[in-house]
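Numbering (the numbering used here), first residue to last: 1419 to 1807. Built from N, CA and C at the ideal position, the CB exists for glycine as well. Written below as structure tokens is the structure these notes are about.
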Ligand SMILES: Cc1cc2nc3c(=O)[nH]c(=O)nc-3n(C[C@H](O)[C@H](O)[C@H](O)COP(=O)(O)O)c2cc1C
């Protein structure tokens, strides 16, 4: 059934007849500041912070802002359908929730609440390897909701294999492999507070609950949690991986595989050659390489290189419905939403995440209609102009 996302607007105005107003702002760019006021500096710094001076995160926003929509008139936008086909799945809108680790620092209901919100709105939830809740519990919360698993590709093959087996049997249908985090970047907001939740055993639930991980410990996790943390630190990421290693993932995962963190068209071509099913054009929200190309500047070149051969997804900087419009016009098939839903969770739990999804998609639906489009399928580069930087 086609969802009428823009109707959220009328729902808000109608509720207003009884004096009610939304609990959270409908301009999602305001959530970060509200979160800063309500949550502690450690968690807020971890979520809002970026690599270096934050220049990449700012560039992500600037690259989207710099592109301006050129609306078209008299094109019958009365009936609209936002649904798209992505990785063989039919989605009600070109949106999924990005993998964000350690959500318990934002809200005690953490990943299960975000997964429930995504399922309630019909949007795929991408669960991070660095979840604060074991994947099986998140799967249970997500019910029959679409769920994808994000892999931090561990040094230890058996742990990776075990994660893939567990994810498959818990109903995660697609695998997103994050390639841009073989090391943790220089992140001053976290460094200045010496704040890293993993060292306190937060964000390690998938590892601590894993039989292959546990097999590498001298004592059970609860008897020697510090040793478990150190074991995690030693295997979490692997800067030694190269393209041929992808064959291991292909052998151990029979669903779609998507490479997250692709910015160069040649890397996107290599993804095609390696038999991958998709890429996420992403710079991790500016959290990894300070001074990196803005994700929206990288997107058109990647889409042009491989868009007809695999699914091109996009994240890093999406805050509003018009950002979504622009990313799709630049060649993305769908976008992942990152920080805004983490703020929604922090401010109002599951309801906050649902609010964020509904605002974003209502605004996207209205932007499409007001610009002369009845669905994402007609968007293209000609719908934008680029202001000089
Ligand atoms: C607090 C935080 C934690 C994140 N954790 C992960 C993660 O565990 N795995 C991953 O692939 N990406 C992770 N990301 C990156 C997101 O998936 C996404 O690429 C990024 O948030 C997009 O940038 P934006 O939020 O500024 O739009 C994280 C991002 C944030 C803000």
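For residue i, the residue or residues it bridges with in DSSP
i	result
residue 1734	Looking at the DSSP assignment, residue 1734 forms no beta bridge with any residue, so it has no partner.
residue 1693	In DSSP, residue 1693 forms no bridge with anything.
residue 1596	1678
residue 1802	1487
residue 1515	1543 and 1755
residue 1729	1696
Other residues of its chain near residue i: CB distance less than 7 Å, five sequence neighbours each side excluded
i	result
residue 1693	1668
residue 1695	1505, 1674, 1675, 1676, 1728 and 1729
residue 1471	1708
residue 1535	1768, 1771, 1772 and 1775
residue 1552	1623, 1624 and 1627
residue 1446	1737, 1738, 1758, 1774, 1777 and 1778
Beta carbon of residue i nearer than 8 Å to that of residue j
i	j	result
residue 1756	residue 1518	yes
residue 1624	residue 1549	yes
residue 1529	residue 1502	no
residue 1442	residue 1763	no
residue 1463	residue 1608	yes
residue 1732	residue 1745	yes
residue 1737	residue 1426	no
residue 1598	residue 1658	no
residue 1688	residue 1723	no
residue 1573	residue 1656	yes
residue 1491	residue 1790	yes
residue 1489	residue 1788	yes
residue 1469	residue 1706	yes
residue 1568	residue 1587	no
residue 1590	residue 1565	yes
residue 1713	residue 1514	no
residue 1697	residue 1711	no
residue 1670	residue 1584	no
residue 1544	residue 1754	yes
residue 1654	residue 1759	no
residue 1683	residue 1799	no
residue 1749	residue 1475	no
residue 1438	residue 1450	no
residue 1619	residue 1600	no
Span of the beta strand (DSSP E), counted from its first residue to its last, around residue i
i	result
residue 1543	1543-1545
residue 1660	From DSSP, residue 1660 is part of no beta strand (DSSP E); its letter is neither H nor E.
residue 1568	1565-1569
residue 1508	1507-1509
residue 1754	1752-1755
residue 1486	1485-1487
residue 1503	1502-1504
Cut-off 6 Å between Cβ atoms - residues of its own chain near residue i, not counting five sequence neighbours on either side
i	result
residue 1511	1500 and 1779
residue 1540	1510
residue 1716	1681 and 1699
residue 1792	1495 and 1498
residue 1621	1519, 1520, 1548, 1550 and 1615
residue 1525	1763, 1764 and 1767
residue 1639	1626 and 1646
residue 1537	1560, 1561 and 1563
Close-in-space but distant-in-sequence residues of the same chain around residue i (CB under 8 Å, 5 per side omitted)
i	result
residue 1486	1802, 1803, 1804 and 1805
residue 1661	1688 and 1692
Span of the alpha helix (DSSP H) around residue i
i	result
residue 1575	1575-1587
residue 1464	1459-1466
residue 1456	1449-1456
residue 1562	Residue 1562 -> no alpha helix (DSSP H), and no H or E assigned at all.
residue 1427	1426-1434
residue 1492	Per DSSP, residue 1492 belongs to no alpha helix (DSSP H) and is neither H nor E.
residue 1722	1713-1724
residue 1611	1606-1611
residue 1739	1739-1747
residue 1632	1629-1632
residue 1624	1623-1626
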